[in-house]
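Reviewing the structure listed below.
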Amino acid sequence: MSTEELTLRRIESRDDAAVAGIIQTVMPEFGADGPGFAIHDPEVSAMTAAYSRPRHAYFVVERAGRVIGGGGIAPLEGGDAGVCELRKMYFLPEARGLGLGERLLRRCLEFAREAGFQRCYLETLAGMQQAQKLYRRMGFEPLCAPMGNTGHFGCDHWYARDLS
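So the sequence shown is numbered by the numbering used here: it starts at 107 and just counts up by one.
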């Protein structure tokens with residue numbers, strides 16, 4: 107896939123159904139479709155509205171007019187004002203292994219710094235091993251327990267990194 111075919115941009119309302127579809131397709135692939143997972147968050151069906159607030163941003167990766175992945179940043183619910191959360195970063199199988207995760211993560215962290223956050227937190231699952239390799243490579247360090255109050259009690263791995 108050539109980079110000319112790819113666009114990384116902020117989410118628009120026309121993307122809401124595609125992003126919801128990606129989340130609803132990918133999460134069950136990793137066993138993340140029961141209680142305590144982000145697939146059940148109300149924002150899944152209205153991502154543009156959810157991420158149009160201050161200090162929120164959701165980005166999509168588009169290829170030939172089709173959204174194939176996305177991820178966002180928002181303040182950590184129940185956390186310190188200086189801590190953001192990497193949220194709902196998922197890619198369709200066809201988009202994996204192409205370096206898009208790193209590209210999207212770099213853009214999310216750039217936004218987090220611009221929004222004044224000092225630390226970024228994320229939650230994931232043991233089965234999402236490729237994602238965890240990316241997080242570690244990008245400076246995220248494993249935590250022993252979750253931060254904040256995301257309601258995602260189904261997640262079993264937590265990471266954070268400083269944004270300085």
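All C-beta atoms in this analysis are idealised placements derived from N, C-alpha and C, irrespective of residue type, glycine included.
Own chain partners of residue i with C-beta closer than 7 Å, once the 5 adjacent residues on each side are dropped
i	result
Gln-238	Thr-230 and His-263
Leu-249	Trp-264, Tyr-265 and Ala-266
Alpha-carbon spacing of residue i relative to residue j, whole angstroms
i	j	result
Gly-177	Ala-251	22 Å
Ala-123	Gly-260	24 Å
Glu-118	Thr-154	6 Å
Met-107	Arg-169	Confidence is the limiting factor: at Met-107 the pLDDT is only 48, short of 50, which leaves the residue's position unreliable and the question unanswerable from this model.
Ala-152	His-146	12 Å
Val-150	Ile-129	8 Å
Leu-215	Leu-192	8 Å
Arg-172	Arg-115	12 Å
Ala-218	Gly-233	26 Å
Leu-204	Gly-257	31 Å
Leu-112	Pro-134	26 Å
Bounding residues of the beta strand (DSSP E) (the contiguous stretch that carries residue i)
i	result
Asp-268	263-268
Met-195	189-197
Counterpart residues of residue i in DSSP-defined beta bridges
i	result
Ala-168	Per the sequence presented here, residue 168 reads as Glu, with Ala not at that position. Beta-bridge pairing links Glu-168 to Thr-113 and Val-173.
Ile-145	DSSP output for Ile-145 lists no bridge partner at all.
Leu-249	Trp-264
Arg-225	Val-189 and Asp-268
Gly-178	Tyr-164 and Arg-193
Thr-230	His-263
Own chain residues within Cβ distance below 6 Å of residue i, not counting five before or after
i	result
Gln-224	Gly-188 and Leu-269
Asn-255	Glu-183 and Gly-184
Presumed contact (8 Å Cβ cut-off) between residue i and residue j, rounded CB distance
i	j	result
Gly-207	Leu-240	5 Å
Leu-198	Ile-174	5 Å
Residues near residue i in its chain [Cβ-Cβ closer than 8 Å; skip 5 each side]
i	result
Arg-202	Gln-236
Met-253	Leu-182, Gly-185, Val-189, Tyr-227, Trp-264 and Ala-266
Bounding residues of the alpha helix (DSSP H) (the contiguous stretch that carries residue i)
i	result
Asp-122	122-135
Arg-202	No alpha helix (DSSP H) holds Arg-202; DSSP gives it neither H nor E.
Thr-154	153-156
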